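A.B. asks: Can you keep this structure in mind? I'll have questions shortly.
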Amino acid sequence: MESFSLILAIVVITALAFDFTNGFHDTANAMATTISTGALKPKVAVAMSAALNLVGAFLSVEVANTISKGLVDETGIRPEVIFAALTGAILWNLLTWLVGLPSSSSHALMGGLVGATVASAGFGAVHGDALVTKVLLPAVAAPVVAGLATMFATRLSYGIGRDGDTPATRKGYRAGQVASAGLVSLAHGTNDAQKTMGIITLALIAGGALSPGSNPPTWVILSAGLAIALGTYIGGWRIIRTMGKGLTDLEPRQGFAAQTSAATAILASSHLGFSLSTTHVVSGSVMGAGLGRKGGVVRWSTATRMFVAWALTLPAAALVGAGAEAVTGLGDWGTGLVALFLVGSSFAIWKISRREVIDHTHVAAEEYTEPAGVVTTAMAMVTPPPVGIVADDLTATIPAATAESRTTEPTPATTAPSARV
Numbered sequence: 014m015e016s017f018s019l020i021l022a023i024v025v026i027t028a029l030a031f032d033f034t035n036g037f038h039d040t041a042n043a044m045a046t047t048i049s050t051g052a053l054k055p056k057v058a059v060a061m062s063a064a065l066n067l068v069g070a071f072l073s074v075e076v077a078n079t080i081s082k083g084l085v086d087e088t089g090i091r092p093e094v095i096f097a098a099l100t101g102a103i104l105w106n107l108l109t110w111l112v113g114l115p116s117s118s119s120h121a122l123m124g125g126l127v128g129a130t131v132a133s134a135g136f137g138a139v140h141g142d143a144l145v146t147k148v149l150l151p152a153v154a155a156p157v158v159a160g161l162a163t164m165f166a167t168r169l170s171y172g173i174g175r176d177g178d179t180p181a182t183r184k185g186y187r188a189g190q191v192a193s194a195g196l197v198s199l200a201h202g203t204n205d206a207q208k209t210m211g212i213i214t215l216a217l218i219a220g221g222a223l224s225p226g227s228n229p230p231t232w233v234i235l236s237a238g239l240a241i242a243l244g245t246y247i248g249g250w251r252i253i254r255t256m257g258k259g260l261t262d263l264e265p266r267q268g269f270a271a272q273t274s275a276a277t278a279i280l281a282s283s284h285l286g287f288s289l290s291t292t293h294v295v296s297g298s299v300m301g302a303g304l305g306r307k308g309g310v311v312r313w314s315t316a317t318r319m320f321v322a323w324a325l326t327l328p329a330a331a332l333v334g335a336g337a338e339a340v341t342g343l344g345d346w347g348t349g350l351v352a353l354f355l356v357g358s359s360f361a362i363w364k365i366s367r368r369e370v371i372d373h374t375h376v377a378a379e380e381y382t383e384p385a386g387v388v389t390t391a392m393a394m395v396t397p398p399p400v401g402i403v404a405d406d407l408t409a410t411i412p413a414a415t416a417e418s419r420t421t422e423p424t425p426a427t428t429a430p431s432a433r434v
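Numbering (the working numbering), first residue to last: 14 to 434.
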């Protein structure tokens with residue numbers, strides 16, 4: 014390591030802060046369905062996910078190389094550009110966490126990096142082909158592929174085990190769900206932790222601490238893995254509640270199908286170096302699981318808000334990143350101003366979140382229901398429930414007989430004719 018300036022140290026610390034927010038923002042991806050079906054208790058689930066995220070961080074560096082070498086021109090990037098990019102990504106993560114929406118931390122990071130790079134060096138510094146093939150196309154294809162795969166897997170599961178819905182069967186699916194949740198956590202570490210590795214590596218190259226084309230050093234891999242593991246253990250309970258209870262109601266076999274499909278897609282993308290959004294994959298899988306069960310209904314009001322957040326993630330983070338880069342370009346005092354803005358905004362979001370505290374006691378609460386929208390209500394009215402399942406809210410439409418109604422009055426037809434005088 015040749016040099017390590019103050020601005021470079023600030024960038025590394027900010028990158029690890031983003032990695033922390035990524036961890037608690039994406040805990041829902043691995044454990045929301047496991048918690049909602051009762052396969053694992055909330056605290057046990059997040060601890061397991063944190064440990065496997067750390068292990069996954071050491072399995073590959075392909076995604077990190079996509080970030081540090083393939084997305085932007087690393088030779089024309091200053092450390093301040095990376096800092097501005099991280100500012101946009103962190104603020105978007107915190108805002109979507111506050112409202113409980115599972116948006117993509119990956120796309121927030123990509124958007125912030127692209128916006129800050131364009132503001133600093135122009136559009137020519139962004140590798141458009143890598144942005145399209147390794148970020149944008151997977152963003153569209155991943156939730157669709159994962160959703161369809163999960164929907165067919167769910168239908169197959171219910172078709173094969175139609176007569177096998179016993180306590181032993183449900184226990185078996187819960188055990189399988191724990192295993193598949195572990196795979197998702199491992200896959201999340203191999204994909205999302207690497208994005209921070211790539212950003213730190215890019216900053217080290219921009220600051221002259223590493224030569225261009227270098228792979229992430231071991232200390233970068235370890236620190237990124239620890240940061241995302243710690244964030245995962247803290248638990249993003251607001252998003253876990255939305256993912257586990259707000260999109261659809263899941264049974265153990267649905268959760269198993271959703272998480273197995275998601276883990277497969279994420280691991281494959283990590284091997285190929287795609288900067289895939291694990292949030293998109295898991296959300297698509299959960300919706301596919303809801304559509305795959307007869308009588309299951311996706312709450313499209315929640316899904317619509319989530320889709321809007323997905324569409325806004327890249328441009329919103331890019332705008333904040335570009336604005337932050339414009340301010341940092343004014344000198345050291347501009348960089349300090351951006352840092353104060355980031356800290357102040359983060360603190361304000363945290364204070365607002367304390368008005369309604371959501372913790373591990375809320376995410377599995379049976380009384381929680383996401384408000385249904387018009388489409389959800391209409392589909393529920395025309396979709397028959399699964400065979401053999403009686404809805405809990407059915408009530409009798411014929412009132413029970415009262416004491417007065419049991420006293421019958423004689424009808425004219427049965428009344429004896431009065432004697433004529």
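No residue lacks a Cβ here, since even glycine has one placed at the ideal position from N, Cα and C. This structure is a prediction, so every number in the text was calculated from the model and none was measured.
If you draw a straight line from the alpha carbon of Q67 to that of L325, how long is it in whole angstroms?
C.D. replies: A quick correction: the sequence has Leu, not Gln, at residue 67. Cα-Cα distance, rounded: 30 Å.
A.B. asks: Just the Cα atoms here: how many angstroms apart are V131 and G249?
C.D. replies: So the alpha carbons of these two residues sit roughly 32 Å apart.
A.B. asks: What does a CB cutoff of less than 6 Å around A200 pick up in its chain, not counting 5 residues either side in sequence?
C.D. replies: Contacts found: A276, I279 and L280.
A.B. asks: Report the start-end ranges of each beta strand (DSSP E) in the region 104-168 that is 3 residues or longer and not cut off at the edges.
C.D. replies: Listed in chain order, there is nothing to give.
A.B. asks: Roughly how many whole angstroms lie between the Cα atoms of P156 and T315?
C.D. replies: Their backbone Cα atoms lie some 16 Å apart in a straight line.
A.B. asks: Does the separation of the CB atoms of S296 and P55 fall below 8 Å?
C.D. replies: Contact: no.
A.B. asks: Should A337 and G172 be called a contact, given that it needs their Cβ atoms to be closer than 8 Å?
C.D. replies: Result no, Cβ atoms of A337 and G172 do not sit closer than 8 Å.
A.B. asks: Residues in its own chain within less than 8 Å of H370 by CB, not counting five upstream and five downstream?
C.D. replies: In the sequence on display, residue 370 carries Val and not His. Same-chain partners within the cutoff: there are none.
A.B. asks: Is the region 265-276 touching the region 144-164 in the sense that three or more CB pairs, one from each, lie closer than 8 Å?
C.D. replies: Yes, they touch.
A.B. asks: Can you say whether W110 is buried or exposed, counting buried as having 16 or more other CB atoms within 10 angstroms of its CB?
C.D. replies: With 16 or more other Cβ atoms within 10 Å, it is buried.
A.B. asks: Bridge partners for V85 per DSSP, in chain order?
C.D. replies: For V85, which the question treats as bridged, DSSP gives the partners V139.
A.B. asks: Pull up the CB-CB distance for I247 and M44, whole angstroms please, since I reckon it's below 8 Å.
C.D. replies: Actually they are not in contact, since the Cβ atoms of I247 and M44 sit about 13 Å apart, beyond 8 Å.
A.B. asks: In chain order, what residues of the same chain lie with their CB nearer than 6 Å to the CB of T428, ignoring the 5 residues before and after it?
C.D. replies: Low confidence applies here, because T428 scores a pLDDT of 44, under 50, leaving its location unreliable and the question unanswered by this model.
A.B. asks: On a CA-only basis, which of G125, S62 and F136 is nearest E93? Give me that one, please.
C.D. replies: Nearest C-alpha to E93: G125.
A.B. asks: Is the separation between the beta-carbon of F71 and that of G238 shorter than 8 Å?
C.D. replies: Cβ atoms of F71 and G238: closer than 8 Å.
A.B. asks: Assess, as a yes-or-no matter, whether the region 329-344 is touched by the region 129-146 under the definition of 3 or more beta carbon pairs within less than 8 Å.
C.D. replies: These segments touch.
A.B. asks: Are any of the Cβ atoms in chain B nearer than 8 Å to that of R306?
C.D. replies: This model lacks chain B altogether, as it is built from one protein chain only.
A.B. asks: For H373, which residues in the same chain have their Cβ closer than 7 Å to its Cβ, ignoring the five residues on either side in sequence?
C.D. replies: So the qualifying residues of the chain are P55, K56, G248 and W250.
A.B. asks: Excluding the 5 residues flanking T182 on each side, which residues of the same chain have their C-beta closer than 6 Å to its C-beta?
C.D. replies: Excluding positions up to five away in sequence, the list is empty.
A.B. asks: Exposed or buried, E15, counting other C-beta atoms within 10 Å across all chains shown (16 or more means buried)?
C.D. replies: Because E15 sits at a pLDDT of 44, beneath the cut-off of 50, its placement in the model cannot be relied upon, and the following sentence gives the value as read from the coordinates. Under this definition E15 is an exposed residue.
A.B. asks: Where does A70 sit, in a helix, a strand or coil, going by DSSP?
C.D. replies: Note: A70 maps to coil in three-state DSSP.
A.B. asks: For the alpha helix (DSSP H) containing I362, name the first residue and the last one.
C.D. replies: Looking at the DSSP string, the run of the alpha helix (DSSP H) that includes I362 is D345 to S366.
A.B. asks: For my contact list, V311 and G303 are in at a C-beta cut-off of 8 Å; report their separation, rounded to the angstrom.
C.D. replies: Correct: roughly 4 Å between the Cβ atoms.
A.B. asks: Hey, quick one: how far does the alpha helix (DSSP H) through N204 stretch, first residue to last?
C.D. replies: Residues P180 to A219.
A.B. asks: Would M210 pass as a contact of A77 if the rule is Cβ separation under 8 Å?
C.D. replies: Yes, Cβ-Cβ distance for M210 and A77 is below 8 Å.
A.B. asks: Determine the contact status of S118 and N35, defining contact as a CB-CB distance below 8 Å.
C.D. replies: Contact: yes.
A.B. asks: My assumption, with CB atoms under 8 Å, is that V127 sits in contact with L144. Please give the rounded CB distance.
C.D. replies: Confirmed, about 7 Å.
A.B. asks: L235 by DSSP, collapsed to three states: which one?
C.D. replies: Correct three-state label for L235: helix.
A.B. asks: Quick test of your reading: M256 and A41, contact by CB under 8 Å. State the CB separation rounded to the nearest angstrom.
C.D. replies: Sure, about 4 Å apart at Cβ, within 8 Å.
A.B. asks: Got a sec? Which residues, its chain only, sit under 8 Å from S359 by beta carbon, not counting five neighbours each side?
C.D. replies: Same-chain partners within the cutoff: I103, L104 and L107.
A.B. asks: Let me make sure I understand the geometry here. Which of L150, A58 and H293 has the alpha-carbon closest to that of V321?
C.D. replies: Answer by Cα proximity: H293.
A.B. asks: According to DSSP, simplified to helix, strand and coil, what is V276?
C.D. replies: Here residue 276 turns out to be Ala, not Val, going by the sequence shown. Correct three-state label for A276: helix.
A.B. asks: With DSSP as the reference, label L53 as helix, strand or coil.
C.D. replies: Three-state result, L53: coil.
A.B. asks: Ends of the alpha helix (DSSP H) at G301?
C.D. replies: Counting along the chain, the alpha helix (DSSP H) containing G301 begins and ends at T291 to G305.
A.B. asks: Look up V395 in the DSSP assignment and say whether it is helix, strand or coil.
C.D. replies: Note that V395 scores 44 on pLDDT, short of 50, meaning its location in the model is unreliable; the coordinates nonetheless yield the value given after this. Reduced to three states, the DSSP call for V395 is helix.
A.B. asks: Take the Cβ of W232 as the centre, count every other Cβ of all protein chains shown within 10 Å, and call the residue buried at 16 or more, exposed below.
C.D. replies: Exposed.
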